[in-house]
Structure formats: C-alpha cells, structure tokens
Amino acid sequence: MTSDDTQPPDVQPDPAPSPTPDPSPEPPAPTPPGPAPDAPETPTEADPPAPSTQATDDGTIVLAGDGIDPTGATVSTTAVQALLSAAPDGSTIIVPGGAVIALDATLLLDRRLALRGSGELRWTAGITNAPAIRVTAPGSTVREVRLTNPDHLGSATGARNIGIDIRTSDVIVDGVRIVGFQNGVVNEPTGEFEGVIVTNCHIVDIVGVGGGRGSTSRAGEDRGDGITIWGARALVSGNVVNALAGTDARIGIHAEGLSDYEVDPGLYPDAMFSINDNVVSGPFRRGIALEAVSHATVSGNTVTGSTWWGIAAIDTRSTGISNNTVRWTRAAEDDQGSVWGPSRGPIMVYRSAEATVVDGNVLEIRGVASAAIRLQDATMPSGDTKTPVGSTDTVITDNVIRLAGGTCPSGVVLQRAIRPLVVGNRLSVTTPSGTTGGVVSYLSSDIVVADNSLLGAGEASGYGVQHQGAGAVQVTGNRVEGFRIGLAVTNSTGGVTIVGNTVLTCATGIDTYGSTGRSMVAANRLSVSGSAHINAQPATSYVTTRHMGTARPAGGGSGDLLVGNGLLWVNDQGTWRSVKVT
C-alpha cells in the first residue's frame, strides 16, 4: 500500500515506502586524454601545414589559415588541434564570427588558453563516446563560442558524449551555446576539481537516453545532463538549459559529491555550490539536483517540464532551496524512469538529508503530482515501523503551493522525518481520497506545523494536518479549510499540542485517535458541520477541549480540566470528577 491509498481514519498501517530510486549510478571510468597531435614538419596534400600561431596586435590568435575551412565544407580537426597545441600558454584563440568549422574528433586544451569568439565549431563525427572539447589546464576559459552536434552523435553505453569536458580546476565557461549533446558541460570527478564557473550559457536540446513513457528500462541514469559538477566550490548561474522534446533526459543542473574521487586532504570536499538564476525546461527527470554535497544553495531558478522532481536534495548537508519557481506540468502518462519508482512532485528532500531549508518557493501545479514538497525516507527493513530514517532538521517555510488546473492530493509530506519544521506556508491541494491533505506526516518525530494556510477541496476527503506515529507533534496557529478532518493526530505517544488553530468548513474539527501522553488541545476555533473533537480518550491529558464526549476521561494528571457536553471534568489527584454546567 502506498501513502496515497485510501485508509479508514481509525486504522493506521505503516505506509509502504516508495521504491528507492538510484538517481545517479557511479559514472563509467573516464577515458584518459590521448596525446595532442603534433604539427607536421613537412606539408602534404593529405595533411596540410598547420596555420600560423602568430598573435595579432592585441595578442590574440585567430582560428584560421591553412587547413581550417571556415565554411564547414571540409573537416579541419588536424589543423585546429595543431594550432591549439602550438599556442603559447595564456594565449587567446578566436573563433571568428560567421565561421563554421567542421570537426571529427575531440579538441584538447592542455595548456592555459582562452577560447572565445562568436563562430561555430560543428562536430560531424568522432564524439559518439567522447567530448567535443576537453580542458585539462587550470585557468582556462571558453567564452561565447557555439558548439553544435547536429546529428546528435552519442551512445546509451560506454563513455559519455559531452560538449565541454573539464578535468581540472578554476575553469570558466561563459556565454557558450551548446546544441544537441547528451551532456552539455561536465566537471569530471577524477580529482575533486574546484573553482569551476559556468555562467550565461545556452545549453540547448540535451539528448536523453532513457526509455521514455511506458518503458521499464533502467537506462538513462548515467547521462543526459545539461550541466554536471562532480567537484567542489563551484558556481552555476544565469544559464538557460533545456532537454530535447521527445527524449528522456536525466538532470538539467546536477551537483554531486563522489567520495571515492576526493583529493586527500581536500580543502572543500563535496562542498560549496551555488546554483542560482538559471532557467531549466523540458523532459529532464530532475530539473535541478544536489546529491551527497554540503553547503550548497539553489536559489532564484525557474524549472518546468520535469518528470520526477523539479528540485531535489539527496543525502545532502546544510543546503538551501530558496526563492525558486517550479512550474509543474507533468502529465499522468509521463512515467519516465518508472522502474525506479519515484514519488513525483516539484520538490524532493530525499533519504538522510540534514539541515535543509526549503524557503520562499512558488510551486504552481499545472500537471499531476503526488505531493508538492516531500521528505522521503529510505527503504526500511521489513516490519520496522519505528526507526526514523528520513531527513533531519528540515525547515519548510513561506512557500506557496498554487493549483492551476493540475492535481496534487498532498501539499507537504513528511516520511520518517526527524525534527521537521513546517511554518508559514500557503497551499492549496486537491485531496481526492484517502490519507492525503495539506500537511501529512508518517512516523516522523518532534514535528512542528505552525501558522500555515491550508485549503482543501471540500469536506468529502483528506486532512488539513495529519500525523501518524509515536512522535511528538505541535500544531499551532494554522488556518485549515475544506477537508474531511481539519486536524488529526493518530497514535502519538510523545505528546500532542493542538493550540490556537482555526478550522473551517470541515466535517470534523479534531481527531486524536489513540494518542497518549501529556497533551494540550486548547483555544481552537472550530466551525465544522459535524463533531468538533472525536476520539479524545483514552489515556490522553487535555487542558481544555470541546465535545469530548460523555464518557469518563482516562489518564492525565492532577489539575487537568476538560469541558464538553455540559460537563466540567477535573482531575483530582488522579481521579476524574465532574459537575454539570448550567
């Protein structure tokens, strides 16, 4: 049974966790770069002389001359590589505007060069399992150049097809247009490279290799990214990235730590990423994803078209996801990667993520989502219903979840989370049936749900706030409207605090089935069509409540008061006594 299956309110089984996706299998071992081709000593017809590397007056070298065809009619690889290999360290190489230079092998930048210009480098062969450009010299830059792969050369197996492959530190890629590759820009893992900056690029029509709709294939989870940073201390900003329509791509922008490749000791292993102000669109499984990294921010981005998650934090530490806009458009039949069993929605905090802040995001639901924000736990051993194994210290605050013609039965879902804080959010959900609703918690502990505005679809279904499990829960200051049950806390033994909430147009106001421990239900405004408070006992201690029934209370402590149905109950040193209120 999944978390969205219908359950009667008084039966609380442990929800079966979703199958654990493995978003990023370890990449294949990179192929070491081969030696740079030497410039020939004697010109021949088959191998023309290398162009001159003499710099112009401003110190630049134009990518032109013998053997370089600016029309693209003939392949110029040998002459272009010879020029790059002969250029002095620190040179600027210009790809002239209007030129189209055809290539059929990887270009190697093995010295500190600045490659720039508005011309086009077009690969017609030789990069099915290889990068178009490989950078191995620190301090290199690639700016403004157009890199194209018009025939979408690439393979679903073997080494990756990449636009710009970075195997060093302190590289800048800025203003480049990369078209038709399986991977746009990749900072490779071998060496835990640092200081890579990717800014203001157009990375167009990333070609995914997944099976797409209806496929049970496991393909597509090792390639198909717009920008990938396997490293540390990196900036990805101001880029426009999209996946080719009709393909099944992996991740628009991806930052991942691979501990096996860390440099020892490493100043910033898996740390310090800033991903901001990018636009990511098209059928990526994940629009933006952080995995196994720390001290990272994802802010000010716009994401649309994702089929798994718009933005994801997976096994991360000390990360912020703030002020992003996710336009969720996934259709019901968009089940790309279904073999991994993802719970699909705009924001995912996955497995053992620690200290994640999800703040100020706008999530517009135009398609089909299972939840807008989900904290998903790892798979537990069979029969274990108690051990918290999800995220820790996640703060979900001031987000807006807006329905715009789509379906989203749950706003915020907390699965086995530890000390989550859900505060100040405004959300609307469709709540068609079952244990769904505004904020839904399964087996989490030490939860605070406060000052949220939660709007459901009517009194027939769903919960405004629902918590199942032993953990303590505090529900205060929320405005809940349009659910079957406004506030429900089931089988909590850690203590329940339900204070100062407003519950409107619900069938039932409060349900505290099976909850025990020192608890407080007080000062709630309940305007409901049915019972204000059901299942108020046994063995629950309340300071005040309404309509708690006519049975003698059980449990509690000396001095507790209960009011309901014309009776005032007082706990006098463990014995409940009542008087009739007239």
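With the first letter of the sequence shown counted as 1, position 379 gets the number 379 in the working numbering; the numbers rise by one all the way through. A virtual CB, placed ideally from N, CA and C, is assigned to each residue, including glycine.
Taking a C-beta distance under 7 Å as the contact criterion, Ser-85 and Ile-61 do not qualify as a contact pair.
Here the alpha carbons of Gly-509 and Leu-526 stand approximately 6 Å from one another. Within its own chain, the residues whose Cβ lies closer than 6 Å to the Cβ of Asn-149, once the five positions on either side in sequence are excluded, are Trp-123, Gly-180, Phe-181, listed in chain order. With contacts defined as CB atoms closer than 7 Å, Arg-233 and Glu-194 qualify as a contacting pair. Per DSSP, the continuous alpha helix (DSSP H) segment holding Thr-78 begins and ends at 77-86. Exclusion of the five residues before and after Thr-329 leaves Thr-304, Gly-305, Arg-366, Gly-367 as the residues of its chain whose Cβ lies within less than 7 Å of its Cβ. Within a 10 Å sphere around the beta-carbon of Val-579 sit fewer than 16 other beta-carbons, which makes this residue exposed. Inside the region 482-511, DSSP marks whole beta strand (DSSP E) runs of 3 or more residues at positions 485-490, 496-499, 502-506, 508-511, from first to last along the chain.
Annotation: Glu-144 is outside any beta strand (DSSP E) and is labelled neither H nor E by DSSP. A contact is defined here as three or more CB-CB pairs under 8 Å, and the region 499-508 meets this definition with respect to the region 516-533. For Val-95, no beta strand (DSSP E) run applies, since DSSP gives it neither H nor E.
Scanning its chain for C-beta atoms nearer than 6 Å, with the 5 sequence neighbours on each side dropped, one finds around Arg-143 the residues Arg-116, Asp-174, Gly-175, in chain order. Going by beta carbons, Val-412 and Val-439 fall inside the 7 Å limit. In summary, Asp-377 is buried, with 16 or more beta-carbon neighbours lying within 10 Å of its beta-carbon over all protein chains present. The three-state reading of DSSP puts Ser-259 in helix, counting H, G and I together.
DSSP links Ile-166 through a beta bridge to Val-135, Asn-187.
By the neighbour-count definition (other C-beta atoms within 10 Å, threshold 16), Gln-573 is an exposed residue. For Val-389, the secondary structure class from DSSP, reduced to helix, strand or coil, is coil.
Around the Cβ of Glu-188, a 10 Å sphere holds 16 or more other Cβ atoms; the residue is buried. Along the region 421-472, the beta strand (DSSP E) occurs as fully enclosed runs of 3 or more residues at 421-423, 426-428, 437-442, 447-450, 453-455, 463-468, listed in sequence order. Excluding five sequence positions before and after Thr-74, the CB atoms of its chain that fall closer than 8 Å to its own CB belong to Ala-102, given in chain order. When the alpha-carbon of Ala-332 is set against those of Gly-341, Arg-213, Trp-340, the nearest one is in Arg-213. The three-state secondary structure of Val-207, taken from DSSP, is coil.
A distance below 6 Å between beta-carbons, with the five flanking residues on each side excluded, links Gly-158 to the following residues of its chain, in chain order: Asn-129. Where Val-176 is concerned, there is no enclosing beta strand (DSSP E), because DSSP gives it neither an H nor an E. With fewer than 16 other Cβ atoms inside 10 Å of its own Cβ, Val-581 counts as exposed. When DSSP reads this structure, Ile-365 sits in a beta bridge with Trp-328, Leu-403. Note on Ala-125: under 16 other CB atoms within 10 angstroms of its CB, so exposed under the neighbour-count rule. Under DSSP, Gly-320 forms a beta bridge with Thr-297, Val-357. When secondary structure is reduced to three states using DSSP, Ser-118 falls in the coil class, being assigned neither helix nor strand.
In this structure, DSSP gives Val-339 a helical state, which the three-state scheme calls helix. Less than 7 Å divides the Cβ of Gly-437 from the Cβ of Tyr-463. With fewer than 16 other Cβ atoms from the protein chains shown falling within 10 Å of its own Cβ, Arg-577 counts as exposed. If you draw a 10 Å sphere on the C-beta of Leu-568, you find fewer than 16 other C-beta atoms in it, and that means exposed. Taking the CA atoms as reference points, Gly-220 sits about 48 Å from Thr-516.
Buried is the label assigned to Leu-244, since at least 16 other Cβ atoms lie within 10 Å of its Cβ.
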